[in-house]
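If you read the sequences in order, they're chains A and B.
1214 is the number of the first residue of the first sequence in the numbering used here; add one for each residue after it.
10 is the number of the first residue of the second sequence in the numbering used here; add one for each residue after it.
The C-beta atom is built at its ideal place from N, Cα and C for all residues, glycine as well.
Only a predicted model underlies this, so the values are computations on that prediction, with no experimental measurement involved.
Note sheet for the following structure.
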Amino acid sequence: MSVRGVLAVIGVECAKLRFQRTARIALAACVAGPFAFAIAMRLQNALPEDTLFGRSVKESGFATPLVVLGFAALWVFPALTSVVGGDLFSAEDRYRTWATLLTRSRSRAEVFCGKVVTALGFSSLGVLALAASSLAAGMLVIGRQPLVDLSGALLLPGQALARVVVAWASVLPPAFAFTALAILLSIATRSSAAGIGLPVVAGLLMQLSAYVDGPEAIRRLLITSAFGAWHGVLTTQPYCRPLVCGTAVSGAYVAVCLAIAYRLLSRRDIGG
Amino acid sequence: MLEQTALEAAGISKRYGAREALRRVDLVARPGRLHGLLGPNGAGKTTLMRVLLGLVTRDAGTVRVLGRTVDSTAGPVPDGVAGFVETPAVYPYLSGRQNLALLARLDGDKAPRQGDSIGQILEQVGLAAQADDAVSSYSAGMRQRVGLAAALLRSPRLLLLDEPTNFLDPAGGRDVRALLRRLADQGVAVVLSSHDMSEVEELCADLTILHLGQVIFSGTADQLRALALATVHELHTSDDHAALDLAARQPGVKVAADGKGSGLEVVADVAALDAYVVALGRVGVAVRSLVRRARAFESLFLELTGQRTRSARLDEPIERQSPAVTS
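Laid out in structure tokens, this is it:
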């Protein structure tokens, strides 16, 4: 396997993505959604008070990306991070193009790595677009006022911005874990519906199971737990243990899912 | 310097569960030669092509292409090797040209024919006018041409093609056959899988016939022709009994009632058949119709693969060529 080979596959996958409507719509929604939310908040009287930082959405523009972050963790991230990862491999089954792809000068390992990097790259781009858009929407629609953190202390705009950036960065590992899960399901089932849909269902089930009494260790092993790890960053004395734990769990999901996915792909007979 | 053999596959076996798709199959293709891979549906032709292209793992055997041993499905297809199996598929939302550009990109700097040459190849396969249309609007024949163009993009020295003239109109089929001949003239080894006897007979100097996953003939087309001594005809006369009696005294002619009362089966070469027809006239038996039922090549193929039709029921079994007879 060569880096040049992987880069060639990434180039091809990115070129294909540019022509795909689903990916473009997903990114457009990431950009437009937060602005629609911020404008709605600005115009209406009611506030999303049962959400973290929901009370602050009219007081500080820095609250907007945090409210969006809390909401996105429920189902947007599993869907956003699966939309490409869950389709990138199974699309070759849908179009029956595996034989075409694998009779070029690229090994299966290079094709796998190229597609995985593309999927992870798209997930990063989606999270980045949502983060940048929600931050921009908060700044432009609400303003750059100081933010009251979860401990009740006032964060100056510079401090608030840094915390918001760290909070959004903390969701990248679990986002990658969902992407890896989507890739595995896409390869195992050879179906884009399963590759995209099942991670979303899995995400919802993980969210629901968090409300059920059970061992704390089990709860920590759920990918969705890592989506809430950013809460520790928004306190006066930040605590990072959930962040570290969530990142480790996400890393394990990524490693296990991709290892199984590669094994399945490398051993597969490409039939008609 | 040209390699002595472009492809050497030896003892290839492949099993799908209880079904043995390939059993100790050998195949040798030489530079500058068109090699026909023949067999009825389910004979294992496509599975063998998949094994050779590294799409399917083999259970046993070795594959050596262009002097290089191919170990498994994990590696890339070696440089200079190209082809497709069944109907070649590309991305329907892209144009033919865009698809080829992406495939050239996958080949990276290993494919010398890029950029402007995509246009030349599209011209070569007769797709230049529709090159910028989305593939989703292409007919099956046009998709076949895209597949062929994608293979040519790799500047192949070994070309493995599974039914390349499928879906093509007669003119398109003729163009592709001419293209394959040109490639062979330039030193490319072409392995052509087909069940179209006339196409293979027209194009290929070397043949391998597969049946139920096994090689039942391997050699040159001339060697196969030498086995095809007779042609089968259906004969209708004014007096079939007299015609049968006469046949018993006529050298080189085997005649039998077809069992359904609709004529006679005559197995004879052209000279013997002519003599038989003249003799029938002499004894006052009128020939009402004489129709060739199967071409010699085809009837032999049917015989070898155990697919004899009632018209090709030869009295003497043809010697099976297993293990393969090589030229």
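- Going by DSSP, A/Val1324 is part of the alpha helix (DSSP H) stretching over 1321–1350.
- Between B/Arg114 and chain A, the shortest Cβ-Cβ separation is below 8 Å.
- DSSP places A/Ile1238 inside the alpha helix (DSSP H), whose first and last residues are 1234–1256.
- Secondary-structure assignment with DSSP links B/Phe226 through a beta bridge to B/Ile218.
- Chain B has no Cβ within less than 8 Å of the Cβ of A/Ile1400.
- Residue pairing from DSSP places B/Glu243 in a beta bridge opposite B/Glu274, B/Val300.
- Residue pairing of A/Ala1423 in beta bridges, as defined by DSSP: absent, with no partner found.
- For the region 1215–1228 of chain A, the set of positions with a beta-carbon nearer than 8 Å to some beta-carbon of chain B reads Arg1217, Gly1218, Ala1221, Val1222, Gly1224, Val1225, Ala1228 in chain order.
- B/Arg24 sits in a strand when the DSSP states are folded into three classes.
- Under a 10 Å Cβ-count criterion, B/His220 is classified as buried, with 16 or more other Cβ atoms of the shown protein chains found around its own Cβ.
- Contact check between the region 65–85 of chain B and the region 1280–1300 of chain A: fewer than three CB pairs, one atom from each, fall below 8 Å, which does not count as touching.
- B/Gly45 and A/Ala1465 have their alpha carbons spaced roughly 51 Å apart.
- From the beta-carbon of B/Gly150, no residue of chain A is found nearer than 8 Å; the closest lies around 17 Å away.
- Setting aside the 5 residues that flank it on each side, A/Cys1326 is surrounded in the same chain by Val1219, each with a C-beta closer than 6 Å to its C-beta; the list follows chain order.
- According to DSSP, residue pairing for B/Lys263 in a beta bridge involves B/Val276.
- With a threshold of 8 Å between beta carbons, A/Leu1301 makes no contact with chain B.
- The C-beta distance from A/Ala1430 to A/Val1462 rounds to 11 Å, too long to meet the 8 Å contact threshold.
- Here DSSP, grouped into helix, strand and coil, assigns A/Val1280 to helix.
- Between the alpha carbons of A/Met1214 and B/Gln139 lies a gap of roughly 36 Å.
- Within 7 Å of the CB of B/Val209, no CB atom of chain A is found; the nearest one sits about 22 Å away.
- Counting C-beta pairs closer than 8 Å gives three or more between the region 19–29 of chain B and the region 58–68 of chain B, which meets the contact rule.
- Burial of A/Val1280 is indicated by the presence of at least 16 other C-beta atoms within 10 angstroms of its C-beta.
- Not one beta carbon of chain A lies nearer than 8 Å to the beta carbon of B/Val74.
- Separation of A/Arg1357 and A/Lys1271 (C-alpha to C-alpha, rounded to the nearest whole angstrom) is 11 Å.
- Taking a C-beta cut-off of 8 Å against chain B, the contacting residues of the region 1314–1340 of chain A are Leu1314, Leu1315, Thr1316, Arg1317, Ser1318, Arg1319, Ser1320, Arg1321, Ala1322, Glu1323, listed in chain order.
- Between the region 182–190 of chain B and the region 271–279 of chain B there are fewer than three inter-stretch CB-CB distances shorter than 8 Å, so the stretches are not counted as touching.
- Straight across, the Cα-Cα distance linking A/Ser1337 with A/Leu1287 is about 17 Å.
- Within 7 Å of the CB of B/Gly84, the CB atoms of chain A belong to Ser1320, in sequence order along the chain.
- 8 Å or more divides the Cβ of A/Leu1394 from the Cβ of A/Ala1366.
- Taking a Cβ-Cβ threshold of 8 Å, the residues of chain B close to A/Thr1310 are Ala98, Val99, Tyr100, in chain order.
- For B/Ala69, the secondary structure class from DSSP, reduced to helix, strand or coil, is strand.
- Residue-level contact check: A/Ile1483 touches chain B, since one or more beta carbons of chain B fall below 8 Å from its beta carbon.
- Ranking B/Ile127, B/Ser146, B/Ser145 by CA distance to the CA of B/Ala137 puts B/Ile127 first.
- One finds Ala83 in chain B with Cβ atoms closer than 7 Å to the Cβ of A/Ser1479, taken in chain order.
- Here the alpha carbons of A/Ser1346 and B/Thr55 stand approximately 52 Å from one another.
- For A/Phe1275 and A/Glu1323, the gap between their C-alpha atoms comes out near 42 Å.
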